[in-house]
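Structure record follows, encoded as structure tokens.
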């Protein structure tokens, strides 16, 4: 049985009720595989998260879902991101009124939710209730609690799932300008959200990066996937290479196979072919990290990045243009580590220690990349000495 904390807020401003707490309080003690602890939070920048943190330290839950009222919204909205700012439209219930105040100067500018937002919305929608993903939790107490929760997860409880859901006003609330949502529907939607998160937690591996020992089966898995890619791309793929840590015998790595597809250009025909095979292109990962001292011309580091079809084992597929700096980099890095096992062993040890000591996997590349660059500069000297050419 998993344990979960789900929170709602007390009334604030001129309202006499807050449907977030009424709906949470109406939930059963058990939802799916989760034993629920329901917690009422004050609308207080100072005290809301303090009360939640105390409950987390006591219960050590697997899941935390915080909820709050967004009176002008017409659907259940699962928040995707919390930002590091307090900027209150009105004072909180303590009379505190922060304006453009940073929540934590030692924390990042933003955190993304751990909750499976899209799956939650789909489940709620299937039940005939309106639901959507929101990209703004505002800058009031709701955002403050969400940000502090995700910061706590990143630094102390990396295996815990956590995030925030806003609920609309109910039809009977004074001053409600929209149709509102009946309280029973809000409660049902939150129950479905907990059920989805409970299912998701069975394969959630936490926010830490997970590094495993080398698997001799990785090259064979790559060959099978590469053959499928070559069949689907034909002449569009000039070459398909196994890159990254899983391509170096004996090197510890995350269990995700990195693949590089070398092409002559990034065009719509290529995108259509990849999409037809079930690959999804990232709209964010459009370029690579630039090592210090290397060409900083943007086109040299441009790429397309694709996630694998859901039916396929996890892969990261990088599509880069032949002859560009970022197309050469992973091939030389791979070949250097294959030829220098001592470097590979040291690099693997670095990755293990980073994974063990960085609670938030999103900070892992920020620390790892400069170390990789140190190895790459040694690789360049080696390449010059032996007149290296990639296989």
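Numbering (the numbering used here), first residue to last: 1 to 391.
All C-beta atoms, glycine included, are put in the ideal place defined by N, C-alpha and C.
Report task. Can you have a look at residue 194 and say buried or exposed, based on whether 16 or more other CB atoms are within 10 angstroms of its CB? Result -> By 1-based counting over the chain shown, the position of residue 194 is 194. The residue is buried, with at least 16 neighbouring Cβ atoms inside 10 Å.
Requested in this report: Could you pull the start and end residues of the alpha helix (DSSP H) that residue 59 belongs to?
Outcome: For this step, residue 59 is matched to residue 59 along the chain shown. Counted as a single uninterrupted DSSP element, the alpha helix (DSSP H) harbouring residue 59 occupies residues 48–59.
Query - Bridge-paired residues (DSSP) for residue 262 - result: Here the question's residue 262 lines up with position 262 in the chain shown. Per DSSP, 239 and 320.
Report task. Verify whether the separation of the beta carbon atoms of residue 38 and residue 168 is less than 8 Å. Result -> On the chain shown, position 38 is the one that residue 38 refers to. On the chain shown, position 168 is the one that residue 168 refers to. No, they are not a contact pair.
**Report entry** Close beta carbons around residue 68, own chain, < 6 Å, minus the five adjacent residues each side
**Finding:** Taking the first residue of the chain shown as position 1, residue 68 is located at position 68. Hits under 6 Å: 9, 20, 142 and 166.
Query - DSSP bridge partner residues for residue 302 (one or two, in chain order) - result: To locate residue 302, count along the chain shown from 1; it is residue 302. DSSP, once it has assigned bridges, lists 287 as partnering residue 302.
Query - Backbone secondary structure at residue 246 - three-state DSSP - result: Here residue 246 refers to the residue found at position 246 when the chain shown is read from its first residue. Taken through DSSP and simplified to helix, strand or coil, residue 246 comes out as helix.
Query - Rounded straight-line distance, which links the Cα of residue 261 to that of residue 394 - result: Nothing about residue 394 can be reported from this structure: the residues present for the chain run from 1 to 391 only.
Query raised in the report: Which residue from 301, 117 and 265 puts its Cα closest to that of residue 285?
Result: On the chain shown, position 285 is the one that residue 285 refers to. Answer by Cα proximity: 301.
**Report entry** Assumed close pair residue 322, residue 264 - CB separation to whole angstroms, cut-off 8 Å
**Finding:** Translated into positions along the chain shown, residue 322 becomes position 322. Translated into positions along the chain shown, residue 264 becomes position 264. The Cβ separation is near 6 Å, so the contact holds.
Query - Pair within 8 Å by beta-carbon distance, residue 5 and residue 64 - result: Looking up residue 5 in the chain shown gives position 5. Looking up residue 64 in the chain shown gives position 64. Going by C-beta atoms, residue 5 is nearer than 8 Å to residue 64.
Query - Sheet register partners of residue 281 (DSSP bridge) - result: One-based indexing of the chain shown puts residue 281 at position 281. Residue 281 pairs with 306.
Query raised in the report: Just the Cα atoms here: how many angstroms apart are residue 109 and residue 83?
Result: The residue labelled residue 109 in the question sits at position 109 within the chain shown. The residue labelled residue 83 in the question sits at position 83 within the chain shown. If I take the Cα positions, the gap works out to 6 Å.
**Report entry** Check whether residue 149 and residue 59 have beta carbons under 8 Å apart
**Finding:** Taking the chain shown and counting its residues from 1, one reaches residue 149 at position 149. Taking the chain shown and counting its residues from 1, one reaches residue 59 at position 59. Cβ atoms of residue 149 and residue 59: not closer than 8 Å.
Query raised in the report: Does DSSP classify residue 97 as helix, strand or coil?
Result: The residue given as residue 97 occupies position 97 in the chain shown. In the structure shown, residue 97 sits in coil (DSSP, three-state: anything other than H, G, I, E or B).
Requested in this report: Indicate whether at least one CB of chain C lies closer than 8 Å to the CB of residue 389.
Outcome: Here there is only one protein chain, and chain C is not present.
Query - For residue 171, the nearest candidate out of 240, 184, 161 and 159 (CA to CA) - result: Here residue 171 is taken as the residue at index 171 of the chain shown, counted from 1. Ranking 240, 184, 161 and 159 by Cα distance to residue 171 puts 184 first.
Query raised in the report: Under three-state DSSP, which class holds residue 129?
Result: As a working mapping, residue 129 is identified with position 129 in the chain shown. Here residue 129 sits in coil by DSSP.
Report task. Rounded to whole angstroms, what's the CA-CA distance from residue 367 to residue 271? Just pull it up for me. Result -> One-based indexing of the chain shown puts residue 367 at position 367. One-based indexing of the chain shown puts residue 271 at position 271. Rounded to the nearest angstrom, the two C-alpha atoms are 32 Å apart.
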